[in-house]
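*Asks:*
2 protein chains.
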Amino acid sequence: MVSNKQLKLLNQLKQKKYRNEYNLFVAEGIKTVKELMNADFEIHQIFALEDFFNQIQHPKSILISPSELKKISNLKSPNEVLGIFEFPKKIELDRNGITLVLDDINDPGNLGTIIRLCDWFDVRKLVCSKNTVDCYNPKVVQASMGSIARVSIIYEDLETYLKPEKRPIYGTFLEGGNIYQNNLEKEAVIIMGNEANGISAQISQLIQHKITIPQFGQNQATESLNVSTATAIILSEFKRKTSF
Amino acid sequence: MVSNKQLKLLNQLKQKKYRNEYNLFVAEGIKTVKELMNADFEIHQIFALEDFFNQIQHPKSILISPSELKKISNLKSPNEVLGIFEFPKKIELDRNGITLVLDDINDPGNLGTIIRLCDWFDVRKLVCSKNTVDCYNPKVVQASMGSIARVSIIYEDLETYLKPEKRPIYGTFLEGGNIYQNNLEKEAVIIMGNEANGISAQISQLIQHKITIPQFGQNQATESLNVSTATAIILSEFKRKTSF
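Those protein sequence lines, which keep their order, are chains S and L. The numbering of the first sequence is our numbering, which starts it at 1 and goes up by one. The numbering of the second sequence is our numbering, which starts it at 1001 and goes up by one.
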């Protein structure tokens, strides 16, 4: 049974304000919930259908019916379980290897996809500008497909973060150097910009290496790539060049 | 003014059945409509706000009010213009260069993003399985950001298409060879599979080169990449290796 108090909390957690007040967020589906549990995220509460409830036998899990799950779920097709988890402890990201920096990414789907890409390419550090969409937004958690459990994410003023940086700083610009022909470092900071406006002028000044994914063919009409597909190509190039 | 007859047609064109019956589809926004016009797509009707109406001065354009546009638009924030266009003439795709083949892509956003990637990487030929989402679905047209005007797309039984193929056929599989270390050809067919099930067993048999995007790091837990980010990386690798 889902109590009225729990219903109220679940409703509140749709809003960033309450997520930050309670330090709690919601994740759904067997895969995501399991991966968060495996990554030692603290469980506040698990609402599970019978199979999953019996499987995990967790003191903080509550058995619910499919119709109750439908009621509390943010998904069109709810998938067995919904969990409320605590935010991970505040962390300091060390400054080695590759750190990805996001300058005001707005779209939850894009952020979720980028987190999944970080996980795939073993980029464990993600720095988001204060105006980047909240990574504990349910749509981000969902789009990350559990990868949010394995990537450390902080929200930080980007100038403050970048000023003391000693690694080379790369950013993508239409007029940048061809990424396929540029020297890419194993230890680097890579900045990706906002969907509509790219990297802000302020942050651009801190970038030493302007790179671009060149457009092929004569028929140059599409103006840009989507930020998540651009991130895919850039992380692939950094990792390929420094691994093989 | 939008007439009742036009309203009915616009409503019908939300369904694939009617799009195929009338050979018409809807595209919205200044950028997409302009690119379709530039690419010589035949205009059936344009519904435009004053600025765009005056700008194009087209005999098939109708001046409408913002509230009318809101009523007929499929978008949350309608953008100046909605056009009804005719399907391009049926084409035969020649078998040279790179052809991308999609085996049952379901998600309109993925197909739109893949069309945009094809445009960026100068892949002008896209073959979709019969069960792939309709490329004239309004969400696909929107996500392609006008690129649909510059990529030739056919729907075809994939076995029929692939059997006479003389170019090498590549497909992505978890157990495939490392794409970064594989020989990739300038003339090739590349197959991407369904979001949940990958490439079907039947089609797998026709693939000579199984490739994969390797996962990095020890922490191998995410199971796969999203099909549009995987397509981004694969097209990037094919083009990089054969161009630079």
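Where is the CB? At the ideal position from N, CA and C, for every residue including glycine.
Using the Cα positions of Leu1009(L) and Glu1159(L), report the straight-line distance between them to the nearest angstrom.
*Replies:* Cα atoms of Leu1009(L) and Glu1159(L): separation of roughly 35 angstroms, rounded to the nearest angstrom.
*Asks:* Please state whether the Cβ-Cβ distance between Ile191(S) and Tyr161(S) is less than 8 angstroms.
*Replies:* no
*Asks:* Going by CA-CA distance only, name the one from Ser1200(L), Lys1090(L), Val1002(L), Ser1129(L) that's closest to Ile1084(L).
*Replies:* Val1002(L)
*Asks:* Cβ of Gln181(S) less than 8 angstroms from any chain L Cβ?
*Replies:* yes
*Asks:* Inspect the beta-carbon positions of Ser1144(L) and Arg1116(L) and report whether they are closer than 8 angstroms.
*Replies:* yes
*Asks:* Any beta carbon from chain L within less than 8 angstroms of Thr172(S)'s own beta carbon?
*Replies:* no
*Asks:* Cβ of Phe1025(L) less than 8 angstroms from any chain S Cβ?
*Replies:* no
*Asks:* Specify, as a first and last residue, the run of the beta strand (DSSP E) that Phe173(S) falls within.
*Replies:* In this chain, the beta strand (DSSP E) harbouring Phe173(S) covers 169-178.
*Asks:* Mind checking which residues open and close the alpha helix (DSSP H) that includes Met1037(L)?
*Replies:* 1030-1038
*Asks:* Would Asp1103(L) be called buried (16 or more neighbouring beta carbons within 10 Å of its own) or exposed?
*Replies:* buried
*Asks:* Can the beta-carbon of Asn106(S) be found closer than 8 angstroms to that of Asn194(S)?
*Replies:* yes
*Asks:* Which residue's Cα is closest to the Cα of Phe1047(L): Asn1038(L), Pro1059(L), Gly1146(L)?
*Replies:* Out of Asn1038(L), Pro1059(L), Gly1146(L), Pro1059(L) has the C-alpha closest to the C-alpha of Phe1047(L).
*Asks:* Could you tell me the distance, in whole angstroms, from the CA atom of Glu1175(L) to the CA atom of Leu1007(L)?
*Replies:* C-alpha of Glu1175(L) to C-alpha of Leu1007(L): approximately 51 angstroms in a straight line.
*Asks:* Identify whether Ile234(S) lies in helix, strand or coil by the three-state DSSP scheme.
*Replies:* helix
*Asks:* For the alpha helix (DSSP H) that contains Cys135(S), what are its first and last residues?
*Replies:* Neither: Cys135(S) is in no alpha helix (DSSP H) and is coded neither H nor E.
*Asks:* Just the C-alpha distance for Tyr18(S) and Asp94(S), rounded to the nearest angstrom, thanks.
*Replies:* 29 angstroms
*Asks:* Have a look at Ala1039(L) and Ala232(S) and give me their C-alpha separation to the nearest angstrom.
*Replies:* 29 angstroms
*Asks:* Applying the criterion that 16 or more other CB atoms from any shown protein chain within 10 Å of the CB defines a buried residue, is Thr1099(L) buried or exposed?
*Replies:* buried
*Asks:* With 16 as the cutoff for other CB atoms within 10 Å, does Ala1113(L) come out buried or exposed?
*Replies:* For the record, residue 1113(L) in the displayed sequence is Thr; it is not Ala. Thr1113(L) should be labelled buried.
*Asks:* Given a threshold of 16 other Cβ atoms within 10 Å of its Cβ, counted over all protein chains shown, does Glu1086(L) qualify as buried or as exposed?
*Replies:* An exposed status is given to Glu1086(L), since fewer than 16 other beta-carbon atoms sit within 10 Å of its beta-carbon.
*Asks:* Taking C-beta pairs closer than 8 angstroms, name the residues in chain S that Phe1216(L) reaches, listed in chain order.
*Replies:* Trp120, Phe121, Asp122, Lys239, Ser243
*Asks:* At a CB-CB cut-off below 9 angstroms, which residues of chain S make contact with Asn1137(L)?
*Replies:* What Asn1137(L) touches in chain S: nothing, since even the nearest Cβ is about 18 angstroms away.
*Asks:* Can you tell me where the beta strand (DSSP E) holding Leu1100(L) begins and where it ends?
*Replies:* 1098-1103
*Asks:* For Gly1198(L), does the three-state DSSP call read helix, strand or coil?
*Replies:* Strand.
*Asks:* Does Arg1095(L) have its Cβ less than 8 angstroms from a Cβ in chain S?
*Replies:* no
*Asks:* Secondary structure at Ser1243(L), three-state DSSP: helix, strand or coil?
*Replies:* helix
*Asks:* Measure from the alpha carbon of Gly109(S) to the alpha carbon of each residue in Tyr136(S), Phe121(S), Leu69(S), then state which is nearest.
*Replies:* Considering only alpha carbons, the answer is Tyr136(S).
*Asks:* Let's test the definition: count the other Cβ atoms within 10 Å of the Cβ of Asn11(S) and tell me whether it reaches 16, buried, or not, exposed.
*Replies:* exposed
*Asks:* Quick one: what does DSSP say Ile1115(L) is sitting in, helix, strand or coil?
*Replies:* helix
*Asks:* Name, going along the chain, the residues of the stretch 36-66 of chain S whose beta-carbon falls closer than 7 angstroms to a beta-carbon of chain L.
*Replies:* none
*Asks:* Between the alpha carbons of Lys130(S) and Asn1178(L), how many angstroms are there, rounded?
*Replies:* Cα to Cα, the separation comes out at about 37 angstroms.
*Asks:* Does DSSP classify Lys1125(L) as helix, strand or coil?
*Replies:* strand
*Asks:* Taking the continuous beta strand (DSSP E) assigned at Phe47(S), which residues delimit it?
*Replies:* 43-48
*Asks:* Assuming the contact rule is C-beta atoms closer than 8 angstroms, Val140(S) and Val133(S) should be a hit. Round their C-beta distance to whole Å, please.
*Replies:* 6 angstroms
*Asks:* 8 angstroms is my cut-off, CB to CB: does Ser228(S) come that close to chain L?
*Replies:* yes
*Asks:* Answer with buried or exposed for Ile1148(L), where buried requires no fewer than 16 other C-beta atoms within 10 angstroms of its C-beta.
*Replies:* buried
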